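Be aware that the sequence shown starts at 1, since it is given in the UniProt record's numbering, and climbs by one per residue. All C-beta atoms, glycine included, are put in the ideal place defined by N, C-alpha and C. As the structure is a prediction and not an experimental result, all values here were calculated from the model.
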Amino acid sequence: MHLAPDLVRDRRHHLRVYSCSFDAADCLSWLIEENEAPSRVAAVFLMNILQKSRILHHVTDDHLFKDQHLFFRFRQDDNTFPVTQVTRLFFFAQRLHDRLHSEPQSCLRKFQAGDKIVADAFKGAEFAQWLIRKNESRNLDEAVVSCQQLLDAGLIKCLDGVPSAKFRVADNFYNFAFDFNYRRRLHDLFLLPNVQKEASMQNIKFLPKTASAYEIYPGFDSHGNGSLSPMSPTPTLFSDTSSGSGGSPSTLNPFRPAFERRHIAQAERMLEPDSGFVRKVIQVESDAVGYGFVLRGASPCYIQTVDPDGPAHKAGVKVGQYLYSVNDIIVFDRTHKDVASVIVDSHGKIRLVVFAEGDSPKC
């Protein structure tokens, strides 16, 4: 939008000038013309998602986005965009990705992963040293901490070696977990299941996509103060809070086990940055019996039981952990039956991203 002639500019209303603002009605016309949205109604729906996600806002915060001549502004243009640990890591990863790809002799190299060649892989040791050379880190310890944060956030992933949630300064290969070069369009929001559900409820037409939402939106946390989660921009629209039986996970049924009641109560605040929960990556390979854990619940499901002699226990799976993703498929808003189907189709190896209480031992 900023490159479109005369769309984002300083605008005057009465005696006041609003810098870097745009007219909502003109914006909708541009979105249709650029194939960012299939209709004006759909465009309003999607722009409202961005507004609720605190990506943009009305210049005086008096109106929701609508098809009228009202002035709006991106929060990055007026320095009101909420900077959190989540957004900081995202922009940090994006900067590293761009720097690596702009250098003719960077540490990027090809890696053979089964029958697939990954073109933009890097060794853990070389990447850590590169961070130091480029003044992204002051020393090796700081570089390892940065790499571990990127790994925990799901921004980079390990391609080989012994499955581990710990970043290794060795010859293990890593790469970025999604494509920063992908040109994201506004209608890509329709890739998210809960956006599709909300759009259907409002009779908004959209074309189903076959791409994976994880390829378009990295899996960050959303939280109540409204800062952006690319996977879950708004807690209301993107977090399906319905349970498998049609109830809400916030409904505390007194006949449920005390453990379950406690964790259901925590689910709503789990994505908040100060909730005390952290995300951990766990790799599990099944044995002849299975993976050795039982799932229950919905939106999200959680680990109810772990076989003390099973592979899940050895890998670090613990009772009470919530499942965020399985093999890079976001399952936070699915029932335990749906998640079980994803696990069954995983051919004996699964990469889990779980939420665990921060004071619990690392997986």
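Original post:
What is the C-beta distance between N175 and D120, in whole angstroms, given that I count them as a contact (C-beta under 8 Å)?
Top reply: Here residue 175 corresponds to residue number 175 of the sequence shown, with the count starting at 1. Here residue 120 corresponds to residue number 120 of the sequence shown, with the count starting at 1. Right, the Cβ-Cβ distance comes to about 6 Å (below 8 Å), so this counts as a contact.
**OP:** Determine, using beta carbons only, whether V353 and G154 come nearer to each other than 8 Å.
**Re:** Here residue 353 refers to the residue found at position 353 of the sequence shown. Here residue 154 refers to the residue found at position 154 of the sequence shown. Against a cut-off of 8 Å, the Cβ pair of G154 and V353 comes out as a contact.
Original post:
Just the Cα atoms here: how many angstroms apart are Y18 and R12?
Top reply: As a first step, residue 18 must be located in the sequence shown, where it is residue number 18. As a first step, residue 12 must be located in the sequence shown, where it is residue number 12. Cα-Cα distance, rounded: 6 Å.
**OP:** Give, in chain order, every unbroken run of the beta strand (DSSP E) that is at least 3 residues long and sits entirely within the segment 111-169.
**Re:** With a minimum length of 3 residues, the continuous beta strand (DSSP E) runs that stay inside the segment 111-169 are 116-123 and 156-158.
Original post:
Between the beta-carbon of R109 and the beta-carbon of F90, is there less than 8 Å?
Top reply: Sequence index remark: in the sequence shown, residue 109 carries index 109 (1-based). Sequence index remark: in the sequence shown, residue 90 carries index 90 (1-based). Contact: no.
Subject >> Spatially closest choice to G320 from D345, E357 and K314, by CA coordinates >> reply: As a working mapping, residue 320 is identified with position 320 in the sequence shown. The candidate whose alpha carbon is nearest that of G320 is E357.
Subject >> Burial state of L3, where buried means 16 or more other Cβ atoms lie within 10 Å >> reply: In the sequence shown, residue 3 corresponds to position 3, counting from 1. Exposed, by the Cβ-count rule.
**OP:** Quick one: residues in its chain with C-beta nearer than 8 Å to the C-beta of S360, no 5 flanking neighbours on either side, listed in chain order?
**Re:** Reading the sequence shown from its first residue, position 360 is the one you call residue 360. Low confidence applies here, because S360 scores a pLDDT of 40, under 50, leaving its location unreliable; read the following figure in that light. Result list for S360: K318, in chain order.
**OP:** Quick one: measure Cβ to Cβ for T335 and A312, integer angstroms, because I've assumed they're closer than 8 Å.
**Re:** Counting from one through the sequence shown, the residue named residue 335 turns up at place 335. Counting from one through the sequence shown, the residue named residue 312 turns up at place 312. At roughly 20 Å, the Cβ-Cβ gap does not stay under 8 Å, so T335 and A312 are not in contact.
**OP:** To the nearest angstrom, report how far apart V59 and F65 are at their CA atoms.
**Re:** As a first step, residue 59 is located in the sequence shown; it is residue number 59 there, counting from the start. As a first step, residue 65 is located in the sequence shown; it is residue number 65 there, counting from the start. If I take the Cα positions, the gap works out to 11 Å.
Original post:
Among residues of its own chain, excluding the 5 on either side of R99, which ones have a beta-carbon nearer than 7 Å to its beta-carbon?
Top reply: Along the sequence shown, one-based indexing puts residue 99 at 99. The residues are K134.
Subject >> Paired residues, beta bridge with E198 - DSSP >> reply: Position 198 of the sequence shown, counted from the first residue, corresponds to residue 198. Answer is none; E198 lacks a bridge partner.
Subject >> Residue from N79, F74 and L159 with nearest C-alpha to D115 >> reply: Along the sequence shown, one-based indexing puts residue 115 at 115. Nearest to D115 by C-alpha distance, out of N79, F74 and L159, is L159.
Original post:
Taking Cβ to Cβ, would you say residue 383 is nearer than 8 Å to A143?
Top reply: Residue 383 lies beyond the stretch modelled for the chain, which goes from 1 to 363, so this question has no answer here.
Subject >> Cβ pair I350, Y291 closer than 8 Å >> reply: Taking the sequence shown and counting its residues from 1, one reaches residue 350 at position 350. Taking the sequence shown and counting its residues from 1, one reaches residue 291 at position 291. Contact: yes.
Original post:
For D77 versus C20, is the C-beta distance shorter than 8 Å?
Top reply: Taking the sequence shown and counting its residues from 1, one reaches residue 77 at position 77. Taking the sequence shown and counting its residues from 1, one reaches residue 20 at position 20. In this structure, D77 sits near C20, with a CB-CB distance shorter than 8 Å.
Original post:
Relative to the C-alpha of W30, which residue among I49, Q85 and V8 is closest?
Top reply: Against the sequence shown, residue 30 aligns to sequence position 30. Nearest of I49, Q85 and V8 to W30, Cα basis: V8.
Subject >> Host beta strand (DSSP E) of H347 (start-end) >> reply: Translated into positions along the sequence shown, residue 347 becomes position 347. Element bounds for H347: n/a, residue is neither H nor E.
**OP:** Indicate the three-state DSSP secondary structure (helix, strand or coil) for R334 in the structure shown.
**Re:** Here residue 334 refers to the residue found at position 334 when the sequence shown is read from its first residue. R334 falls in the coil class under three-state DSSP.
Original post:
On the three-state DSSP scale, how would you describe S341?
Top reply: On the sequence shown, residue 341 is found 341 positions in, with the first residue counted as 1. Note: S341 maps to helix in three-state DSSP.
**OP:** Look at the alpha carbon of Q304 and the alpha carbon of L295, and state the distance between them as a whole number of angstroms.
**Re:** Position 304 of the sequence shown, counting from 1, holds the residue named residue 304. Position 295 of the sequence shown, counting from 1, holds the residue named residue 295. Going by the C-alpha atoms only, they are around 6 Å apart.
Original post:
When the Cα atoms are used, what is the spatial distance from H63 to D188?
Top reply: Working through the sequence shown from its first residue, we reach residue 63 at position 63. Working through the sequence shown from its first residue, we reach residue 188 at position 188. Their backbone Cα atoms lie some 25 Å apart in a straight line.
Original post:
Any idea what DSSP makes of V281, helix, strand or coil?
Top reply: By 1-based counting over the sequence shown, the position of residue 281 is 281. In this structure, V281 counts as strand in the three-state DSSP scheme.
Original post:
Since E36 contacts L151 with CB under 8 Å, what's their CB separation in whole angstroms?
Top reply: Within the sequence shown, the letter at position 36 stands for residue 36. Within the sequence shown, the letter at position 151 stands for residue 151. With a Cβ gap of about 33 Å, E36 and L151 do not count as contacting.
Original post:
With 16 other CB atoms within 10 Å as the buried threshold, where does F238 fall?
Top reply: In the sequence shown, residue 238 corresponds to position 238, counting from 1. Legend: pLDDT at F238 = 28, less than 50; position of this residue unreliable, value from coordinates given subsequently. Classification for F238: buried.
**OP:** Measure the C-alpha to C-alpha separation of L147 and K197 and round it to an integer number of angstroms.
**Re:** Numbered from its first residue, the sequence shown carries residue 147 at position 147. Numbered from its first residue, the sequence shown carries residue 197 at position 197. Inspection of the sequence shows that residue 147 is occupied by Cys rather than by Leu. Taken atom to atom, the span from the alpha-carbon of C147 to that of K197 is near 36 Å.
**OP:** Starting from the Cα of K314, find the closest Cα among V342, V284, D10 and K337 and give me that residue.
**Re:** Taking the first residue of the sequence shown as position 1, residue 314 is located at position 314. Measuring from the Cα of K314, the nearest candidate turns out to be V284.
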